[in-house]
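**Student:** Note that the sequence shown covers residues 26 to 653 in my numbering. From the three backbone atoms N, C-alpha and C, an ideal C-beta is built for every residue, glycine too. Quick caveat: nothing in here was measured; it's all calculated off a predicted structure. Sharing a structure here in structure tokens format.
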Amino acid sequence: MDNKYTILKNTFGYDAFREGQEVLVDSTLSGRDVLGIMPTGAGKSICFQVPALLFPGITLVVSPLISLMKDQVAALNQLGVHAAYINSSLTEGQYRKAMEFARRGQYKIIYVAPERLMTEAFQLLVQDVEVSMVAVDEAHCISQWGQDFRPSYLKIVEFIEMLPKRPVIAAYTATATKQVKEDIVCILGLCQPTLVVTGYDRKNLYFAVKKAKDKKGMLLGYLKKNGDKSGIIYCNTRKTVEEVWQCLIEEGYPAARYHAGLSDLERKQSQDDFIYDVRPVMVATNAFGMGIDKSNVRYVIHYNMPKDIESYYQEAGRAGRDGEPAECLLYYAGQDVKVNEFLIGIQSENSELDGEELELIKERDLGRLRKMAFYCFTNECLRDYILRYFGEYGSNYCGNCENCLTEFEDIDVTEEAFHILRLVQACHERYGINAVLDAVHGSDTAKVRQFGLKQNPEYGSLKGWALVRLRQVLNDLLVKGYLLLTNGDYPILKLTRLGRELISYGIGGSPPYGAGRGEVHKIILKLPKEREEAQSPKEEKKKKAQAEIRYPDLFELLRKRRYELAQKDHVPPYIIFSDKTLREMGASLPVTEGEMLAVNGVGKVKYEKYGRDFQEIIQDYARKKGIK
Ligand code: ADP
Ligand code: ZN
């Protein structure tokens with residue numbers, strides 16, 4: 026008799042459930058509704074697929090995206106599970122055939138688009154067959170608070186009510202806000218659901234921010250080392266996509282491109298080329314990625330800073346879904362902030378909302394943009410910054426982001442900070458960053474003259490300091506909340522309570538009461554120690570952190586074989602075996618059936634189909650290299 030463990034091992038090839046999965050599986054199997062809130066890549070599908078294979082009846086999986094359904098069904102078929110999808114991409118003939126098979130009980134799992142649920146044919150079908158579970162994927166689509174509200178999701182409720190017997194309902198999403206959560210429970214009518222929320226942290230992702238004048242040069246440098254891997258390069262405009270793509274093509278990289286300016290056909294081709302690893306490098310706008318389930322994306326580079334942390338984390342999170350190390354790099358330039366401000370501006374021009382609402386939304390968006398920009402300037406742990414943004418508390422040291430791996434030195438900038446704050450105060454908080462910096466630096470610019478800043482008592486008080494350093498200090502004051510920048514077309518620096526307090530202590534002064542009473546209040550700026558890139562401990566540490574591949578040339582051979590098999594079977598390579606699985610093979614060199622089945626990701630059916638192919642390569646390799 027099968028149970029959840031045998032299904033997990035024999036069908037999916039996994040040894041153990043991940044965090045949260047088992048509770049959800051158990052609850053579903055006992056007939057209790059569930060709501061699983063898990064970040065992308067956490068492994069939501071397993072949570073409903075395992076019970077689906079143990080239930081007597083069929084499981085309907087409601088999913089919003091055609092590409093996602095197709096991918097999941099292909100993956101299940103590869104595992105030997107009978108599954109099908111029903112959506113608008115099927116021809117009339119395919120549709121009728123699928124329905125006929127469904128009626129005969131050929132499928133354990135049927136993926137269905139929400140707008141199909143209430144059609145007559147589907148209604149007839151579910152009167153005839155037993156539906157054991159309805160799994161609602163991307164369940165946040167039911168909430169108007171979510172980003173991708175789909176009215177057709179409301180049909181699910183109607184549908185469930187019409188079933189002869191209420192099945193267990195399992196809802197899954199990666200969106201964790203309170204409103205969305207409440208909407209899902211309430212609108213879907215979940216019955217005292219078991220709620221599982223797993224953390225947002227993705228430990229295998231490495232985060233870094235690169236400040237670059239020459240982004241193209243930097244990208245080419247990166248691809249020189251990583252060009253053979255699959256990755257996504259996100260740009261903020263179609264024009265940039267075209268430029269970067271052109272450049273990569275000229276340099277001989279197998280790059281695909283994707284943006285809203287291409288025809289449907291071109292976009293589809295690009296997407297397939299990417300998924301099937303024909304062109305493993307994708308240059309795209311944020312139009313690309315929804316429903317892309319490619320597990321072996323090894324890096325996501327943001328060529329421009331995105332508009333907020335939500336978008337950033339979602340897009341960057343497309344890296345490393347297989348749990349293997351992957352990199353998320355953000356190329357920052359000051360220009361990116363301006364472009365985003367501009368985009369927020371036109372978005373409100375085109376909107377149908379009225380003045381007041383519009384202003385509110387614009388304020389909110391500018392606020393989010395600012396937090397995104399701070400991410401690019403913080404010297405604290407980058408992962409921690411993101412997690413805190415989503416309301417989680419990290420340890421402030423993750424050991425797998427650029428800042429954690431950089432050696433910083435603490436620089437006391439209290440004096441600089443003090444003069445900047447005093448200047449802001451003395452000019453009655455009326456000017457923006459550049460004017461303030463120019464003035465405190467004693468420059469004679471048009472703005473300084475126009476605003477009469479030469480009369481400011483702090484004018485030129487930091488003459489002789491490097492302007493870049495002063496800019497860093499000012500940014501630090503913003504990040505730490507001593508100053509704030511107003512929203513709007515001409516952002517102005519204002520003092521916060523903290524900033525005013527600092528001025529009142531004076532340099533070398535201390536707070537008269539409260540926690541830091543009697544201690545000299547200092548502003549410490551963390552700056553990276555100047556070092557040569559080549560021998561920096563960062564690179565060394567990073568190399569160590571990224572698990573070494575024992576036989577890199579074998580890994581390449583396995584990858585090549587996987588690619589050939591994928592071509593032959595018309596499936597994306599990662600659906601055959603993930604990078605992680607190949608890497609494990611490359612480390613443990615399995616040459617018998619037992620050894621193969623012990624590898625994470627190798628189940629019985631996949632072993633039958635592909636196991637021997639890979640076994641042979643490994644045997645060959647070991648013989649040639651004289652490895653026992
Ligand atoms: P999500 O839908 O949450 O984004 P997926 O269901 O696509 O995530 O799973 C992400 C990856 O993790 C897939 O490659 C999947 O096969 C793998 N995975 C899921 N559960 C496990 C597990 N228990 N052990 C090993 N790998 C797993
Ligand atoms: Zn970190």
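Please determine whether the Cβ atom of ASP401 lies at a distance below 6 Å from any heavy atom of the ligand ZN.
**Tutor:** Reading the sequence as shown, one finds Cys at residue 401 and not Asp. The answer is no for CYS401.
**Student:** State yes or no: is the C-beta of LYS631 nearer than 6 Å to some heavy atom of the ligand ADP?
**Tutor:** Every heavy atom of the ligand ADP is 6 Å or more from the Cβ of LYS631, so no.
**Student:** Which one or two residues does DSSP pair with ARG282 in a beta bridge?
**Tutor:** VAL308.
**Student:** Going by the DSSP bridge assignment, what does GLY61 pair with across the sheet?
**Tutor:** In DSSP, GLY61 forms a bridge with TYR197, VAL221.
**Student:** Since PRO597 contacts LYS319 with CB under 8 Å, what's their CB separation in whole angstroms?
**Tutor:** 7 Å between Cβ atoms; contact.
**Student:** How big is the Cα-Cα spacing for GLN360 and LEU104?
**Tutor:** So the alpha carbons of these two residues sit roughly 48 Å apart.
**Student:** In angstroms, rounded to a whole number, what distance separates the CA positions of LYS180 and LEU142?
**Tutor:** Distance between the alpha carbons of LYS180 and LEU142 is about 7 Å.
**Student:** Applying the criterion that 16 or more other CB atoms from any shown protein chain within 10 Å of the CB defines a buried residue, is PHE367 buried or exposed?
**Tutor:** PHE367 comes out exposed.
**Student:** Going residue by residue through the segment 433-489, where are the continuous beta strand (DSSP E) segments of at least 3 residues, counting only ones entirely within it?
**Tutor:** Those beta strand (DSSP E) runs which fall completely within the segment 433-489 and span 3+ residues are 433-437.
**Student:** Give the secondary structure of GLU349 by DSSP, where H, G and I count as helix, E and B as strand, and everything else as coil.
**Tutor:** GLU349 falls in the coil class under three-state DSSP.
**Student:** Check whether the Cβ of THR31 sits closer than 6 Å to any heavy atom of the ligand ADP, and report yes or no.
**Tutor:** No, since every heavy atom of the ligand ADP falls outside the 6 Å radius drawn around the Cβ of THR31.
**Student:** Residue range of the alpha helix (DSSP H) that PRO553 falls in?
**Tutor:** PRO553 -> not in any alpha helix (DSSP H); beta strand (DSSP E) instead, spanning 549-553.
**Student:** Which runs of the alpha helix (DSSP H) at least 4 residues long sit entirely within the segment 34-106? Give them in chain order.
**Tutor:** Runs of the alpha helix (DSSP H) inside the segment 34-106: 46-54, 69-79, 91-103.
**Student:** Identify, in the order they occur along the chain, each residue of the same chain with its Cβ nearer than 7 Å to the Cβ of LEU188, setting aside the five sequence neighbours on each side.
**Tutor:** Within the same chain, LEU188 has close Cβ partners VAL151, VAL156.
**Student:** Any idea what DSSP makes of LEU495, helix, strand or coil?
**Tutor:** Here LEU495 sits in helix by DSSP.
**Student:** Here's a check: name, in chain order, each residue in its chain whose Cβ is nearer than 6 Å to the Cβ of TYR646, leaving out the five neighbours to either side.
**Tutor:** LEU579.
**Student:** Taking contact to mean at least 3 C-beta pairs separated by less than 8 Å, is the segment 589-596 in contact with the segment 306-316?
**Tutor:** These segments do not touch.
**Student:** So does the segment 52-68 actually touch the segment 87-106, counting three or more Cβ pairs closer than 8 Å?
**Tutor:** As far as the Cβ criterion goes, the segment 52-68 does not touch the segment 87-106, which means the pair count is below three.
**Student:** Beta-carbon separation of VAL465 and HIS444 under 7 Å?
**Tutor:** Against a cut-off of 7 Å, the Cβ pair of HIS444 and VAL465 comes out as a contact.
**Student:** Candidates LYS551, LEU60, VAL161, VAL106: which alpha carbon is nearest PHE37's?
**Tutor:** Taking only the C-alpha atoms, the option nearest PHE37 is VAL106.
**Student:** Beta-carbon within less than 6 Å of ARG49's beta-carbon, same chain only, minus the 5 sequence neighbours each way: which residues are those?
**Tutor:** Note on identity: in this sequence residue 49 is Leu, with Arg being the wrong assignment. Result list for LEU49: VAL59, GLY61, CYS72, VAL221, in chain order.
**Student:** For GLU417, collect the residues of the same chain with a Cβ closer than 8 Å to its Cβ; drop the 5 residues on either side in sequence, then sort them by chain order.
**Tutor:** Taken in chain order, the residues that qualify are GLY224, TYR225, ASP226.
**Student:** Kindly list the residues whose CB is nearer than 8 Å to the CB of TYR515, restricted to its own chain and excluding five residues on each side of it in sequence; keep chain order.
**Tutor:** So the list reads GLY457, once near-sequence residues are dropped.
**Student:** Which partner residues does LYS236 have in the DSSP bridge list?
**Tutor:** Paired residues: TYR357.
**Student:** Could you have a look at CYS166 and say whether DSSP puts it in helix, strand or coil?
**Tutor:** In the structure shown, CYS166 sits in a helix (DSSP, three-state: H, G or I).
**Student:** Does the distance between the C-beta of ARG413 and the nearest non-hydrogen atom of the ligand ZN fall short of 6 Å?
**Tutor:** Every heavy atom of the ligand ZN is 6 Å or more from the Cβ of ARG413, so no.
**Student:** Using the C-alpha atoms, what's the distance from VAL269 back to GLU276?
**Tutor:** Looking at the two C-alpha atoms, the distance is approximately 11 Å.
**Student:** Can you tell me whether ALA591 is helix, strand or coil according to DSSP?
**Tutor:** Here ALA591 sits in helix by DSSP.
**Student:** Whole angstroms are fine: how far does the CA of TYR400 sit from the CA of GLN204?
**Tutor:** Going from the Cα of GLN204 to the Cα of TYR400 covers about 26 Å.
**Student:** In this structure, how does DSSP classify MET158 when only helix, strand and coil are distinguished?
**Tutor:** In this structure, MET158 counts as strand in the three-state DSSP scheme.
**Student:** Tell me which residues pass a beta-carbon proximity test against the ligand ZN: closer than 5 Å to any heavy atom, given in chain order.
**Tutor:** Chain-ordered list of matching residues: CYS406, ARG408, CYS423, CYS426, CYS429.
**Student:** From which residue to which residue does the beta strand (DSSP E) around ALA108 run?
**Tutor:** Looking at the DSSP string, the run of the beta strand (DSSP E) that includes ALA108 is 108-111.
**Student:** Going by DSSP in three states, LYS190 sits in which element: helix, strand or coil?
**Tutor:** Residue state, collapsed to three classes: coil.
**Student:** How about ILE601 and ARG587: are their beta carbons less than 7 Å apart?
**Tutor:** Taking 7 Å as the Cβ cut-off, ILE601 and ARG587 qualify as a contacting pair.
**Student:** On the three-state DSSP scale, how would you describe LEU518?
**Tutor:** Three-state result, LEU518: strand.
**Student:** For the ligand ADP, I want to know if ASP347 counts as a neighbour, meaning its beta carbon is within less than 6 Å of at least one of the ligand's heavy atoms.
**Tutor:** Checking the Cβ of ASP347 against the ligand ADP gives yes.
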